Amino acid sequence: MLSDHDLLKLLLPEFLVEHFDILKAETHDAELHIYFEERNSIPHEFKERRLESKGFLPEIIVDDYPLRGKIVKLHVKRRRWTDKSSGEILQRDWQLVAKGTRMTKDLAVFLKKISRH
74 MLSDHDLLKL LLPEFLVEHF DILKAETHDA ELHIYFEERN SIPHEFKERR
124 LESKGFLPEI IVDDYPLRGK IVKLHVKRRR WTDKSSGEIL QRDWQLVAKG
174 TRMTKDLAVF LKKISRH
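Per this note's numbering, residue 74 is the first one in the sequence shown, and the count goes up by one each step.
What follows is the structure in structure tokens.
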């Protein structure tokens, strides 16, 4: 039997399930809005630095595939950190937003696959 976590990975882009917490989900008319917030785990590329979480970047909204006849909107808040020594503001290098679009690379590949069927 699948765990709740494994089931979510089948329904949502895997990177969201692995690196973000679901804050809430709401329905508005024919839309499902799911709100995500990046977990407070320091990126591996910054492990040697002394970082402090300093809130979030502006929320992005990604249109996902329909689910049970509802349009799905993913609201994603990515975290930012401050280096305590230098004061530099840092964020995880997601390379999520594909050039020229607001869709993630993983999501673009996923949508391309399902549009063939």
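In this text, a Cβ means the ideal position worked out from N, Cα and C, and glycines have one as well.
None of the values given here were measured: they were computed from a predicted structure.
- C-alpha of residue 152 to C-alpha of residue 140: approximately 27 Å in a straight line.
- Contact between the stretch 143 to 161 and the stretch 97 to 115 is present: three or more C-beta pairs spanning the two stretches fall below 8 Å.
- Residue range 77 to 84 is occupied by the alpha helix (DSSP H) that includes residue 80.
- Restricting attention to 142, 90, 121 and 75, the CA atom closest to the CA of residue 108 is found in 90.
- With respect to the 9 Å criterion, residue 129 and residue 118 are not classified as neighbours on the basis of their beta carbons.
- Counting along the chain, residue 140 sits inside no alpha helix (DSSP H); it lies in the beta strand (DSSP E) bounded by residues 133 to 140.
- Counting every other CB atom within 10 Å of its CB across the protein chains shown gives residue 84 a total below 16, marking it as exposed.
- A direct Cα-Cα distance of roughly 25 Å separates residue 100 from residue 75.
- The alpha-carbon of residue 78 is positioned some 22 Å away from that of residue 136.
- When secondary structure is reduced to three states using DSSP, residue 105 falls in the strand class.
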